[in-house]
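Positions 3 to 320 (my numbering) are the ones given, in order, by the sequence shown.
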Amino acid sequence: MILVLIDHDRGELDPLSLRALTSARALSSDVHAVVIGKDGAKVATEVGEYGAQVLHVAVNSDLTDYAPMASGRALLQLVNELKPEVVLAAGGPRGNEQLAHLAAFMDLPMAAECTTIKIGNPHEVTRARWAANIFEDALVHSDLLIASVLAFSVEPLQVGGSAEVKEFEVKLEPADTLVKVIGRASESKGGGVSLTDAKVIVSGGRGVGGPEGFGILEELAGLLEGTVGCSRVVTSSGWRPHAEQVGQTGTKVAPDLYLACGISGAMQHIAGCKNSKTIVVINTDPEAPILAYADYAIIGDLHKVIPALTAAVKAARG
Ligand SMILES: Cc1cc2nc3c(=O)[nH]c(=O)nc-3n(C[C@H](O)[C@H](O)[C@H](O)COP(=O)(O)OP(=O)(O)OC[C@H]3O[C@@H](n4cnc5c(N)ncnc54)[C@H](O)[C@@H]3O)c2cc1C
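Take a look at the structure:
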C-alpha cells in the first residue's frame, strides 16, 4: 500500500498533492491518503477522485495550522499502524519538511524530489539535485521508502473514485508543536491568485529597481488575470513578500505564461520557473543567462516595455 501525505491549508488542497497521488497510482492501485490539520477532511472528495481509496484524518486539538514535527509524529503513528510500502508527498518545502521529520523519527533515509520510483529491494529512485540541474539515480536501502515527488514532474490524473474517511487520534509530545504557524497575514498583492495556481505570472527581479517599480507589473498581471512573482533579490531587499518568490527556496511554478522582467536567470531562479509553458523575458542585457530559457525575449528597459505591453493589451481589448 502507498500512503500519500496531502498538503492543504485549512481544507484548501495544494494541487501538487494531486500529482503525488497520481505518482502513487502509478506504483499501486492500493493508495491511501493522510491529511493533517484544521478542516483537512474537506479534501476528501478531490482526493478520492484522484485515486485514494481511504483518507485518514489526523485528530488532535493542537493540529491546526502547519506544524512540521507534529505532522511527522502523526505520520509515524499512522505508518506504524498501516505498514505501507511507500510514503509519498509532493516535493515542495512543506512536503519535504514533514517527510524529513517522519524519516528522522524512524531513523530511515528520505529521498527528496524524485522523478521516478521503482519499488524493490533496494528501491530505485531518480531524484533532482542542485535545483534540478542534475538528476541522480540512487538506491534506497530500507523496507519503507519515504520519498517526495518533484513538483510538476507528473501531470495529475483524475480516476474518478471516492475515498472513505477514517479519523485517527494523534498523541503528540510537547516538543512536537514548538515549531508551528502562530499567526497569519495576507501577503498577496497580485489579486488573490496563488503562484502555484496562476496561469500567468508577471515576475520581477532586481531590474525593477525598487518596491514602487512593481506597480506596472501588478497592473499587467491584473489585466492578464495573473499574479506577481519575483526573484530572491527582491524578497531579500524587502521589496516584496517571500510568498511571491519563485525558485529553489521559493515556490516552483508552471504557468502558461511566465513573464520574467529584469531577472538575470540564476539557476536557483530557473529551478522554480523552467516548467512554465512559455517564458517571455524582458531584459536590457542581450547576454543575460535567462535568455537561454526564453521562448521570446524583448531586449529593452522594462519600465518602457511593460507599459507598452499593458497599453497593447488594453487596445486589443478595446
Ligand atoms: C542557496 C540559494 C538559494 C537561492 N534561491 C533562490 C530562489 O529561490 N529564487 C531566486 O530568484 N533566487 C534565488 N537565489 C539567488 C540567485 O542566485 C540570484 O542571486 C537571484 O536570482 C538574482 O536575482 P535577479 O535576477 O533579480 O537579480 P540580478 O542577478 O542582479 O539580475 C538583474 C537583471 O535585471 C536586468 N535589468 C536591470 N535593469 C533592467 C531594466 N531597467 N529593464 C530590464 N532588465 C533590467 C539586468 O540585465 C539583470 O539581468 C538563491 C541563491 C542561493 C545561494
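Each residue gets a CB set at the ideal place from its N, CA and C atoms; glycine is no exception.
For clarity, every value in this text was computed on a predicted model and none was experimentally measured.
- Taking the Cα of residue 55 as reference, the smallest distance to any Cα among 162, 107 and 311 is reached at 162.
- In the three-state reduction of the DSSP assignment, residue 206 falls in the strand class, which pools E and B.
- Spanning the alpha carbons of residue 185 and residue 67 requires a straight line of approximately 9 Å.
- Under the rule that a run must span 4 or more residues, no alpha helix (DSSP H) segment is found entirely inside the region 100–150.
- Short note on residue 266: C-beta closer than 7 Å to some heavy atom of ligand 1.
- With contacts defined as CB atoms closer than 8 Å, residue 149 and residue 88 qualify as a contacting pair.
- With a cutoff of 8 Å on beta-carbon distance, residue 33 and residue 26 are scored as near each other.
- In this chain, residue 94 is not harboured by any beta strand (DSSP E), its DSSP state being neither H nor E.
- Note that the C-beta distance between residue 233 and residue 207 is below 8 Å.
- Distance from the C-beta of residue 152 to the nearest heavy atom of ligand 1 is not below 7 Å.
- Pairing residue 84 with residue 75, the inter-Cα distance amounts to about 14 Å.
- In terms of side-chain proximity, the C-beta atom of residue 290 is found nearer than 7 Å to a non-hydrogen atom of ligand 1.
- In this structure, the straight-line span from the alpha carbon of residue 119 to that of residue 319 is close to 47 Å.
- Here residue 200 is buried: its Cβ has 16 or more other Cβ atoms, across all protein chains shown, within 10 Å.
- Not one heavy atom of ligand 1 sits closer than 7 Å to the Cβ of residue 94.
- Secondary structure at residue 178: helix, using DSSP grouped into helix, strand and coil.
- In the three-state reduction of the DSSP assignment, residue 260 falls in the strand class.
- About 30 Å separates the CB atoms of residue 217 and residue 153; that is not less than 8 Å, and the two are not in contact.
- Between the alpha carbons of residue 270 and residue 250 lies a gap of roughly 5 Å.
- Distance from the Cα of residue 50 is smallest, within the candidate group 8, 290 and 86, for 8.
- In this structure, the alpha-carbon of residue 245 lies about 26 Å from that of residue 297.
- DSSP places residue 65 in no beta strand (DSSP E); its state is neither H nor E.
- Beyond the five residues adjoining it in sequence on each side, residue 230 comes within less than 8 Å, by CB distance, of 191, 192, 203, 204, 205, 206, 216, 219, 220, 223, 242 and 246 in the same chain, given in chain order.
- For ligand 1, no non-hydrogen atom lies closer than 7 Å to the CB of residue 38.
- Pairing residue 115 with residue 102 gives a Cβ-Cβ distance that is not under 8 Å.
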